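All remarks here apply to the structure that follows.
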Amino acid sequence: MMLSLITWAPLVGALLVLLIPKENVKAIQGVGFLASGVSLLASLLLILSFDRATAGFQFPEQWSWIPSFNVSYHLGVDGLSFPLVLLTTFMSFIALIGSMGIKERVKEYFFWFLVLETGMLGVFVALDLILFYVFWEITLVPMYFLIGVWGGPKKEFAAIKFFLYTLSGSVFMLLAILAMYFHNPARTFDMIEMMKAGATWSPRFQELVFLGLYFGLAIKIPAFPFHTWLPLAHVEAPTPISVILAAVLLKMGVYGLLRLCYQMLPAGFAWFLPALVVIAVINIVYGALCAMAQTDMKKMVAYSSVNHMGYCLLGIAGMTAAGFSGAVLQMINHGIITGALFLLVGVIYDRAHTRDLSAFGGLAARLPVYFGLMALTCFASLGLPGLSGFVGEFLCFLGAFPLWKWQTTISVLGIIATAAFFLRMIQKVFLGAFNEKWEGHMPDMTPRELLSVVPLAVLTVLFGVYPKWPLDLMNATVVALLRK
Amino acid sequence: MQNLSLLSPALALSGLAVLALLADMLVPPSRARNLYHFGWASAAGTLAWLVAGLADPASRGAGSLWVVDAYAQFFGMTILLALVLCLLMGLDYKALPERHAGTFTALMLLASSGLMILVSATDLLLIFVALELVSLSSFVLVGFERGNPKSNEGAMKYFLFGAFSSAIMVYGISLYYGAAGTTHLIRGAAAPGPMLMLGLILILLGFGFKASLAPMHFWVPDAYEGAPTPVTTFLSVAPKIATFALLVRVFVSVLPAAQFDLQALVVLMALTTMTIGNFTAFFQNDAKRLLAYSSIAQAGYLLIGLAAGTGRGVEAVMMYSFVYLAMNVGAFAVVQAVGQEAGSYDLSSFDGLAQRSLGLALAMTFCLLSLAGIPPLAGFMGKLYIFSSAVETGHWWLAAAGLVNSVASAYFYFRIAHRMFFRAPREGAAPVVAGPYIYGAVAVAVVGVLLFGVHPEPLIAGVRASAGLP
Numbered sequence: 000m001m002l003s004l005i006t007w008a009p010l011v012g013a014l015l016v017l018l019i020p021k022e023n024v025k026a027i028q029g030v031g032f033l034a035s036g037v038s039l040l041a042s043l044l045l046i047l048s049f050d051r052a053t054a055g056f057q058f059p060e061q062w063s064w065i066p067s068f069n070v071s072y073h074l075g076v077d078g079l080s081f082p083l084v085l086l087t088t089f090m091s092f093i094a095l096i097g098s099m100g101i102k103e104r105v106k107e108y109f110f111w112f113l114v115l116e117t118g119m120l121g122v123f124v125a126l127d128l129i130l131f132y133v134f135w136e137i138t139l140v141p142m143y144f145l146i147g148v149w150g151g152p153k154k155e156f157a158a159i160k161f162f163l164y165t166l167s168g169s170v171f172m173l174l175a176i177l178a179m180y181f182h183n184p185a186r187t188f189d190m191i192e193m194m195k196a197g198a199t200w201s202p203r204f205q206e207l208v209f210l211g212l213y214f215g216l217a218i219k220i221p222a223f224p225f226h227t228w229l230p231l232a233h234v235e236a237p238t239p240i241s242v243i244l245a246a247v248l249l250k251m252g253v254y255g256l257l258r259l260c261y262q263m264l265p266a267g268f269a270w271f272l273p274a275l276v277v278i279a280v281i282n283i284v285y286g287a288l289c290a291m292a293q294t295d296m297k298k299m300v301a302y303s304s305v306n307h308m309g310y311c312l313l314g315i316a317g318m319t320a321a322g323f324s325g326a327v328l329q330m331i332n333h334g335i336i337t338g339a340l341f342l343l344v345g346v347i348y349d350r351a352h353t354r355d356l357s358a359f360g361g362l363a364a365r366l367p368v369y370f371g372l373m374a375l376t377c378f379a380s381l382g383l384p385g386l387s388g389f390v391g392e393f394l395c396f397l398g399a400f401p402l403w404k405w406q407t408t409i410s411v412l413g414i415i416a417t418a419a420f421f422l423r424m425i426q427k428v429f430l431g432a433f434n435e436k437w438e439g440h441m442p443d444m445t446p447r448e449l450l451s452v453v454p455l456a457v458l459t460v461l462f463g464v465y466p467k468w469p470l471d472l473m474n475a476t477v478v479a480l481l482r483k
Numbered sequence: 000m001q002n003l004s005l006l007s008p009a010l011a012l013s014g015l016a017v018l019a020l021l022a023d024m025l026v027p028p029s030r031a032r033n034l035y036h037f038g039w040a041s042a043a044g045t046l047a048w049l050v051a052g053l054a055d056p057a058s059r060g061a062g063s064l065w066v067v068d069a070y071a072q073f074f075g076m077t078i079l080l081a082l083v084l085c086l087l088m089g090l091d092y093k094a095l096p097e098r099h100a101g102t103f104t105a106l107m108l109l110a111s112s113g114l115m116i117l118v119s120a121t122d123l124l125l126i127f128v129a130l131e132l133v134s135l136s137s138f139v140l141v142g143f144e145r146g147n148p149k150s151n152e153g154a155m156k157y158f159l160f161g162a163f164s165s166a167i168m169v170y171g172i173s174l175y176y177g178a179a180g181t182t183h184l185i186r187g188a189a190a191p192g193p194m195l196m197l198g199l200i201l202i203l204l205g206f207g208f209k210a211s212l213a214p215m216h217f218w219v220p221d222a223y224e225g226a227p228t229p230v231t232t233f234l235s236v237a238p239k240i241a242t243f244a245l246l247v248r249v250f251v252s253v254l255p256a257a258q259f260d261l262q263a264l265v266v267l268m269a270l271t272t273m274t275i276g277n278f279t280a281f282f283q284n285d286a287k288r289l290l291a292y293s294s295i296a297q298a299g300y301l302l303i304g305l306a307a308g309t310g311r312g313v314e315a316v317m318m319y320s321f322v323y324l325a326m327n328v329g330a331f332a333v334v335q336a337v338g339q340e341a342g343s344y345d346l347s348s349f350d351g352l353a354q355r356s357l358g359l360a361l362a363m364t365f366c367l368l369s370l371a372g373i374p375p376l377a378g379f380m381g382k383l384y385i386f387s388s389a390v391e392t393g394h395w396w397l398a399a400a401g402l403v404n405s406v407a408s409a410y411f412y413f414r415i416a417h418r419m420f421f422r423a424p425r426e427g428a429a430p431v432v433a434g435p436y437i438y439g440a441v442a443v444a445v446v447g448v449l450l451f452g453v454h455p456e457p458l459i460a461g462v463r464a465s466a467g468l469p
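Chains as they are written, first to last, in numbering that gives the first Met the number 0: chain L, 0 to 483; chain A, 0 to 469.
Next up, the structure:
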């Protein structure tokens with residue numbers, strides 16, 4: 000029941016929000032925090048009873064949903080999905096704190112935000128393909144409205160491009176799911192059954208279905224060449240929504256790659272592996288180079304996501320325990336670090352209404368707290384040892400090297416580019432002479448802003464010095480995944 | 000004339016229609032509104048009668064030119080439900096002349112009676128008579144706003160096209176008679192041959208007119224735009240669904256399309272219908288025209304079930320028809336409310352609706368998302384059924400084309416959502432205040448869209464129980 004509670008609490012909150020008159024902003028925000036908080040608390044409580052030694056699915060819930068099609072309401076988490084559930088509830092709550100700055104049409108905003116949270120959580124806990132697909136699609140609609148109403152200057156175009164791009168990917172995923180259904184003699188959409196049946200399918204069929212699934216997942220990840228929606232959507236979205244996009248939505252793609260493609264279509268996955276590693280290298284190097292070319296700080300962070308998701312893909316392509324653990328850990332770390340980066344960029348944008356790198360200078364002396372947090376997150380993102388980003392990236396490289404020596408070597412170059420653009424940003428924005436234009440417009444961070452960023456910074460340090468804790472959560476499952 | 004009593008719900012509806020016509024002469028104009036109430040009450044009464052009779056096996060059986068089976072009863076209920084909702088919408092439609100309330104009601108009832116006979120018919124003669132009853136009533140209904148030139152234009156186009164397609168169909172029927180020696184569908188031992196083929200193709204085109212399938216869809220946008228909105232709603236739902244019931248009966252059960260090599264034609268029609276519908280809808284700036292093209296596209300999806308031609312395909316057509324009823328009526332009801340308030344059906348009437356009336360805007364969004372097939376709404380479950388029937392029979396490309404079309408359709412459905420949520424309301428635009436009956440129709444539709452999306456099992460079970468065809 001706990002998983003249902005975690006998943007549905009935000010939706011209940013969303014429905015309650017609809018009942019509150021739109022002038023009553025305090026009540027709307029209160030209900031939003033309450034609903035999201037219930038979800039967060041429940042997921043934290045679940046850590047206590049989560050058995051780290053078990054590889055299989057825990058806390059299962061299964062009820063018949065559409066018996067005519069053998070579709071069931073089947074939930075469960077394992078070491079792969081549970082960390083992502085925690086990431087989702089946590090980042091959603093952080094993003095809600097960031098959403099306190101939203102002043103327009105608060106009621107609609109909270110409604111869509113909470114619907115979105117239910118959709119994201121559902122993707123990670125669903126163990127039935129139709130249920131999974133339903134949740135997968137539920138995330139699209141709120142995102143469309145959240146970008147389109149509360150976004151930046153080109154928000155409307157960004158919203159529809161995001162929507163159509165991801166929808167066209169997911170319909171092919173649906174086609175692949177239907178093909179698997181009719182190919183499975185048991186005629187079921189149950190994911191556990193599908194994992195058992197999948198290995199027996201002919202390689203040719205697996206390859207075709209893999210392509211269908213991959214098309215939908217690659218757009219979400221986003222893997223080159225399907226990444227073009229991402230910079231636009233990230234830049235135009237309001238700050239909290241950029242946080243959610245980067246921290247959670249992209250993870251849905253990587254999660255699907257492991258859960259659906261790898262676990263259900265092993266032969267198809269093995270067949271695609273050489274291409275996947277090339278895509279990973281392109282994501283890493285090309286993403287970093289693109290980020291280096293940006294003058295808009297938010298766009299730079301957006302491209303750094305393309306780069307970081309490349310590390311995840313590289314880790315997965317290694318097909319080793321280190322690589323898989325690294326990929327999952329990198330997902331968590333990227334969620335926390337990039338979430339913080341977007342929040343921090345939002346802080347400066349709220350004050351200056353520009354994100355141009357060259358518009359600032361010498362902020363370090365004027366905003367010491369802001370500078371400290373920004374420097375910490377940037378160093379974490381570029382993989383400085385001692386901070387969390389390093390552990391994930393290192394494991395990804397370590398895991399991929401035995402199988403893909405050259406490719407991993409090229410990828411390491413990506414780290415240099417990453418370091419280059421982050422350091423350049425720090426230099427241009429924080430060091431040098433202060434731009435007198437901002438005199439008096441640049442107070443340091445407010446308590447609300449600190450409240451949303453500091454927890455992320457703490458986790459960044461914590462996971463950097465003690466990565467054993469998150470790794471223990473996923474270890475048993477990762478080992479079992481590879482033994483198959 | 001054996002077992003005429005099987006058709007008694009449809010005949011009773013005709014009788015009530017005649018009653019409404021007579022009453023029209025006697026009721027003074029100030030009380031004429033009561034005739035609308037009489038209309039929806041008769042429809043609801045007939046529906047209740049039909050539902051109450053379901054448990055009785057004697058309500059089903061075969062007659063000389065008709066057969067009433069669970070399949071026909073399912074569609075009979077669907078048609079009556081559409082009729083009730085559209086008549087309710089008519090109560091809040093201001094442009095209808097009060098003076099002709101009886102005529103309006105009578106024509107709607109007569110058309111539905113024709114449709115109910117149509118879904119039971121097993122003889123081409125009865126099919127033709129029933130279709131003509133529907134067509135003639137709808138021609139008048141489309142032109143009911145006499146003062147509105149668009150209404151007149153729509154009625155004229157509809158009539159000319161209808162007469163043309165009737166002629167084509169009669170020609171097809173005569174060829175069928177030549178090949179089979181009878182007009183009866185089940186009893187005729189039709190020998191496959193060029194004459195029969197041609198006859199069947201012409202009959203298919205004749206049906207295609209009513210179901211708005213390409214290439215017989217040209218009347219749709221003009222008639223839908225000009226007709227009073229409740230009539231548009233009715234036309235977009237009831238005749239289309241009934242014609243699909245007939246198409247399935249004829250081309251899946253009695254004369255399987257695959258057996259006569261017509262499957263390729265059906266696939267081609269499905270492809271062109273949905274593609275033309277969706278890609279023309281991109282360029283529409285009138286809400287009713289946009290939904291008109293959308294309803295053409297929806298007919299294309301339904302044809303996929305027909306192209307599959309299996310039991311699952313039949314079930315898919317039934318399920319999707321029912322779901323389509325809910326989402327289309329909901330969308331048109333909101334369009335009527337908003338259009339009436341703004342005095343125009345231009346898409347700009349929707350500007351800022353979310354800030355004016357959030358409830359209506361969300362209802363419209365749900366219906367549009369359902370039409371686009373986004374889960375967890377009923378339209379998704381319907382499409383899942385349709386596409387799974389295509390995948391099961393190996394129509395990979397058809398399923399893929401249908402899915403790509405769904406993505407394309409999302410674009411123009413979102414043009415309305417875009418205006419409702421992203422645009423600011425026009426200067427002085429007030430919240431939309433619709434009548435209680437509109438709200439009722441919207442509420443029923445939205446509940447259907449949400450309920451059958453989240454919990455489709457009862458509908459699927461009902462469809463499976465009634466899908467057995469002779």
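Ideal Cβ placement from N, Cα and C applies to all residues, glycine included.
Model, not experiment: these values are computed from the prediction.
message: My output table needs one value for residue 89(L): the three-state DSSP class, helix, strand or coil.
response: On the first sequence, position 90 is the one that residue 89(L) refers to. In the structure shown, residue 89(L) sits in a helix (DSSP, three-state: H, G or I).
query: Apart from the five residues just before and just after residue 92(A), which ones in its own chain have a Cβ nearer than 8 Å to its Cβ?
result: Here residue 92(A) refers to the residue found at position 93 when the second sequence is read from its first residue. Once the five neighbours on either side are set aside, the close Cβ partners of residue 92(A) are 227, 228, 229, 335, 339.
Same chain, Cβ closer than 7 Å to residue 32(A), neighbours up to 5 away in sequence not counted: Here residue 32(A) refers to the residue found at position 33 of the second sequence. Excluding residues within five positions, the ones whose Cβ falls inside 7 Å are 97, 100.
query: Mind checking residue 3(A): buried by the 16 CB within 10 Å criterion, or exposed?
result: If you number the second sequence from 1, residue 3(A) lands on position 4. Exposed: under 16 other Cβ atoms inside 10 Å.
field: residue 457(A): first and last residue of the uninterrupted alpha helix (DSSP H) it sits in
entry: As a working mapping, residue 457(A) is identified with position 458 in the second sequence. Where residue 457(A) is concerned, the enclosing alpha helix (DSSP H) stretches over 456-465.
message: Between residue 344(A) and chain L, is any beta-carbon pair separated by less than 8 Å?
response: Taking the first residue of the second sequence as position 1, residue 344(A) is located at position 345. Interface criterion not met: the Cβ of residue 344(A) is under 8 Å from no Cβ in chain L.
Other residues of its chain near residue 444(L): CB distance less than 8 Å, five sequence neighbours each side excluded: Position 445 of the first sequence, counted from the first residue, corresponds to residue 444(L). Closer than 8 Å at Cβ, skipping near neighbours: 346, 366, 368, 369, 372, 452.
task: Classify residue 65(L) as helix, strand or coil using the three-state DSSP reduction.
output: Position 66 of the first sequence, counting from 1, holds the residue named residue 65(L). Residue state, collapsed to three classes: strand.
message: Strictly under 8 Å for the Cβ-Cβ distance: is residue 420(A) near chain B by that measure?
response: Given the protein chain composition of this structure (L and A), no chain B is represented.
query: Enumerated in chain order, which unbroken segments of the alpha helix (DSSP H) with a length of 4 residues or greater are wholly contained in the region 171-225 of chain A?
result: The region 171-225 of chain A contains these whole alpha helix (DSSP H) runs: 193-210, 219-225.
query: Using Cβ-Cβ distances below 9 Å, what residues of the region 127-151 of chain L are close to chain A?
result: For chain A, the residues of the region 127-151 of chain L that bring a beta carbon within less than 9 Å of one of its beta carbons are 129, 132, 133, 134, 135, 136, 137, 139, 140, 143, 144, 147, 148, in chain order.
query: Using the beta-carbon of each residue, which ones in chain A are nearer than 8 Å to residue 159(L)?
result: Here the question's residue 159(L) lines up with position 160 in the first sequence. Correct list: 410, 413, 417.
task: Buried or exposed for residue 396(A), please, with buried defined as at least 16 other CB atoms from any protein chain shown within 10 angstroms of its CB.
output: Here residue 396(A) refers to the residue found at position 397 of the second sequence. Flag for residue 396(A) reads exposed.
task: Specify, as a first and last residue, the run of the alpha helix (DSSP H) that residue 551(L) falls within.
output: Summary: the structure shown does not reach residue 551(L), with chain L confined to residues 0 through 483, and so no result is reported for it.
Closer than 8 Å to chain L by CB, residue 463(A): The residue given as residue 463(A) occupies position 464 in the second sequence. Using beta-carbon distances, residue 463(A) counts as an interface residue toward chain L, with a partner under 8 Å.
query: Can you find a CB in chain L that lies within less than 8 Å of the CB of residue 368(A)?
result: Taking the first residue of the second sequence as 1, we reach residue 368(A) at position 369. The Cβ of residue 368(A) sits closer than 8 Å to at least one Cβ of chain L.
Whole-Å CB distance - residue 309(L) paired with residue 286(L), under 8 Å assumed: Counted from its first residue, the first sequence places residue 309(L) at position 310. Counted from its first residue, the first sequence places residue 286(L) at position 287. For a cut-off of 8 Å, the C-beta gap from residue 309(L) to residue 286(L) is around 6 Å, short enough to register as a contact.
query: Looking at C-alpha atoms only, which residue of 364(A), 54(A), 59(A), 47(A) is the closest neighbour of residue 80(A)?
result: One-based indexing of the second sequence puts residue 80(A) at position 81. Taking the Cα of residue 80(A) as reference, the smallest distance to any Cα among 364(A), 54(A), 59(A), 47(A) is reached at 47(A).
- prompt: Does residue 101(L) have its Cβ less than 8 Å from a Cβ in chain A?
  reply: Taking the first residue of the first sequence as 1, we reach residue 101(L) at position 102. Interface with chain A (8 Å Cβ-Cβ cutoff): residue 101(L) is excluded.
- request: Would you kindly report the start and end of the unbroken alpha helix (DSSP H) that includes residue 369(A)?
  value: If you number the second sequence from 1, residue 369(A) lands on position 370. Element bounds for residue 369(A): 357-371.
message: Let me see if you follow: with CB-CB separation under 8 Å, is residue 155(L) close to chain A or not?
response: As a working note, residue 155(L) is residue 156 in the first sequence. Taking Cβ atoms only, chain A reaches closer than 8 Å to residue 155(L), which makes this a yes.
query: Do residue 122(L) and residue 251(L) have their C-beta atoms closer together than 8 Å?
result: Locating residue 122(L) in the first sequence gives position 123, where the first residue counts as 1. Locating residue 251(L) in the first sequence gives position 252, where the first residue counts as 1. Their beta carbons are under 8 Å apart, which means residue 122(L) touches residue 251(L) by this criterion.
message: Between the region 205-213 of chain A and the region 257-273 of chain A, can you find at least three pairs of beta-carbon atoms closer than 8 Å?
response: The region 257-273 of chain A makes contact with the region 205-213 of chain A, as at least three CB pairs between them are under 8 Å.
query: Quick one: is residue 295(A) buried, meaning 16 or more other Cβ sit within 10 Å of its Cβ, or exposed?
result: Translated into positions along the second sequence, residue 295(A) becomes position 296. Its Cβ being crowded by 16 or more others within 10 Å, residue 295(A) is buried.
- request: Would you tell me roughly how many angstroms separate the C-alpha atoms of residue 410(L) and residue 284(L), rounded to the nearest one?
  value: As a working mapping, residue 410(L) is identified with position 411 in the first sequence. As a working mapping, residue 284(L) is identified with position 285 in the first sequence. Those two C-alpha atoms are separated by around 6 Å.
message: Just verifying my parser: in three-state terms, what is the DSSP assignment at residue 36(A)?
response: Position 37 of the second sequence, counted from the start, is the residue given in the question as residue 36(A). It is helical.
task: Report yes or no: is there a C-beta of chain L within less than 8 Å of the C-beta of residue 517(A)?
output: Residue 517(A) lies beyond the range of chain A shown here (0 to 469); nothing can be said about it.
- request: List the whole-angstrom C-beta distance separating residue 137(A) from residue 234(A), where the pair is believed to meet the contact cut-off of C-beta under 8 Å.
  value: Position 138 of the second sequence, counted from the start, is the residue given in the question as residue 137(A). Position 235 of the second sequence, counted from the start, is the residue given in the question as residue 234(A). Their Cβ separation, rounded to whole angstroms, is 6 Å, which keeps residue 137(A) and residue 234(A) in contact under 8 Å.
- request: Taking all protein chains shown into account, decide if residue 308(A) is buried (16 or more other Cβ within 10 angstroms of its Cβ) or exposed.
  value: The count along the second sequence starts at 1 and reaches residue 308(A) at position 309. In the assembly as shown, residue 308(A) is a buried residue. Its beta-carbon has 16 or more other beta-carbons within 10 Å.
Local Cβ density within 10 Å of residue 405(L), reported as buried at 16 or more and exposed below that: As a first step, residue 405(L) is located in the first sequence; it is residue number 406 there, counting from the start. Label assigned to residue 405(L): exposed.
message: I'd like the span of the beta strand (DSSP E) that includes residue 261(L), first residue to last.
response: Here the question's residue 261(L) lines up with position 262 in the first sequence. Annotation: residue 261(L) is outside any beta strand (DSSP E) and is labelled neither H nor E by DSSP.
task: Flag this pair as touching only if the region 350-360 of chain A and the region 413-424 of chain A have three or more C-beta atom pairs under 8 Å; answer yes or no.
output: With the cut-off at 8 Å, the region 350-360 of chain A and the region 413-424 of chain A touch.
query: For residue 107(L) and chain A, any beta-carbon pair shorter than 8 Å?
result: Here residue 107(L) refers to the residue found at position 108 when the first sequence is read from its first residue. Taking Cβ atoms only, chain A reaches closer than 8 Å to residue 107(L), which makes this a yes.
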